[in-house]
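Residue numbers (our numbering), protein chains in the order written: chain P, 11 to 129; chain Z, 787 to 1003.
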Amino acid sequence: MTRKKATFGQVLREARLAAGFTLRRFAAEVGISPTYLSQIEQDNIDPPTAERVTTMAERLGAVPDEWIALAGRLPDDLPDIIRTQPTAMPELLRAANGLTPKQLAELTERARQLRGGKS
Amino acid sequence: MTTPAVPYRSDSEIEREATQLLAAYGREHGPVVEPPVPVDDLLELHLRLTFEIRDLRGELGVPEAHGAIWVRERRIAVDRHLDPDVYPAMRGRFRFTVAHEVGHWQLHRHHFAAPTSSFPDFVGLTRRGRAEFQADRFAAGLLMPLPLLRVAWEELFGCRAVFVGRVLPGRARPGPADDELREVAYPLAELFEVSPSAMRFRLAECGLVTRPRGVPA
């Protein structure tokens, strides 16, 4: 039997409680209303923007990019990165599409080496 | 929806349940030594119940609903019109509703054997029954614990003497005594983050304000 994948709302709620935040306290921490946060946790509305998801993940010690993916959002910096090289970047992404996580990690590492170790 | 019949519980028994829950919370998270009682923490971090703020009135089609509990799902919801961060004037009502639903959980959760239904087991309504009164009594005991109330009373008013009012809360008619009562209840209500009417009722209930002899109820 396959386990149903947890939603963004469920992951957020579990992480919030594990970090010892009540609904109201965490809402205040990230600058939104408790009602809005509760709606997000119930998956009644679309997840918030990538920027807000990043803030939430950072406050709860989670990996922002993982939460952004779970929320079905794209990191805010990606459109600009693609726009800098509008032909080569999409081509690179298409070429990398279908690689295994291990192969992607190797490719990322190689790209970092080419850039002189910058992340 | 059918609300289950619940057995009679005396006021002192309900008060004891609230005190015990607060003590259990204190053992896990540190004792509550001053108001306000952290009722959100108690619900989510101690009892580990799911807490939601929803459009209860719209979803249930019950215009006067302010709180609800789904016992088997271990879930409590408060209507979004009580969100104190959106409607600050609702803070007292919000906290009392949370405490009231916690009261249902503590006092009544074992009275449910029916299969799961999407409708909540209890909805906070203006139509009152024994279960609702008991949950209210529990909420008052939880949010305004007697030891904390007595200390706050003493700090504010300097002595243990009871305030003598002419009219009891709940039967209030405008008059000088009522004004005095309001003056007494407001600062305490602010301190305990409850509504002034809840505080007035509690003060009368625990004998901190009384009616002088010979004054009819």
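Note that the Cβ used here is the ideal one computed from N, Cα and C, for glycine as well. In this text, all values refer to a predicted model and were calculated from it rather than measured experimentally.
1) Of the residues Q892(Z), R877(Z), I800(Z), which one's Cα is nearest the Cα of H832(Z)?
2) Kindly indicate which residue of V825(Z), Y873(Z), Y811(Z), H894(Z) has the alpha-carbon position closest to the one of I800(Z).
3) Taking DSSP's pairing of strands, which residues face D865(Z) in a bridge?
4) Listed from N- to C-terminal order along the chain, which residues in the region 868–879 of chain Z have their beta-carbon within a distance smaller than 9 Å of any beta-carbon of chain P?
5) Just checking my contact of L828(Z) with I862(Z) at CB under 8 Å: how many whole Å lie between their CB atoms?
6) Restricting to Cα atoms, I'd like to know which of H852(Z), V818(Z), L967(Z), R988(Z) is closest to A886(Z).
7) Do the region 60–75 of chain P and the region 93–101 of chain P touch if we need at least three Cβ pairs shorter than 8 Å?
8) Identify whether V995(Z) lies in helix, strand or coil by the three-state DSSP scheme.
9) Is the beta carbon of A975(Z) closer than 8 Å to that of G889(Z)?
10) My assumption, with CB atoms under 8 Å, is that F978(Z) sits in contact with P822(Z). Please give the rounded CB distance.
11) Starting from G853(Z), trace the beta strand (DSSP E) in both directions and tell me its first and last residue.
12) Between the Cα of A925(Z) and the Cα atoms of E918(Z), L808(Z), F882(Z), which residue gives the shortest distance?
13) Between which two residues does the alpha helix (DSSP H) containing P1051(Z) stretch?
14) Say whether chain Z places a C-beta atom closer than 8 Å to the C-beta of T45(P).
15) Can you tell me the Cα-Cα spacing of L954(Z) and L929(Z), whole angstroms?
By the coordinates alone:
1) Q892(Z)
2) H894(Z)
3) R840(Z)
4) D869, P870, D871, V872
5) Not really, about 11 Å apart at Cβ, beyond 8 Å.
6) A small correction: the amino acid at residue 886(Z) is His; Ala does not occupy that position in the sequence shown. Selected option, being the one with the closest Cα: H852(Z).
7) no
8) strand
9) no
10) 5 Å
11) 853–856
12) F882(Z)
13) Shown here, chain Z extends from 787 to 1003; a query on residue 1051(Z) therefore has no answer.
14) yes
15) Since pLDDT at L954(Z) reaches only 47, below the 50 mark, its modelled position is unreliable, and the value read off the structure follows with that caveat. Their Cα atoms are separated by approximately 21 Å.
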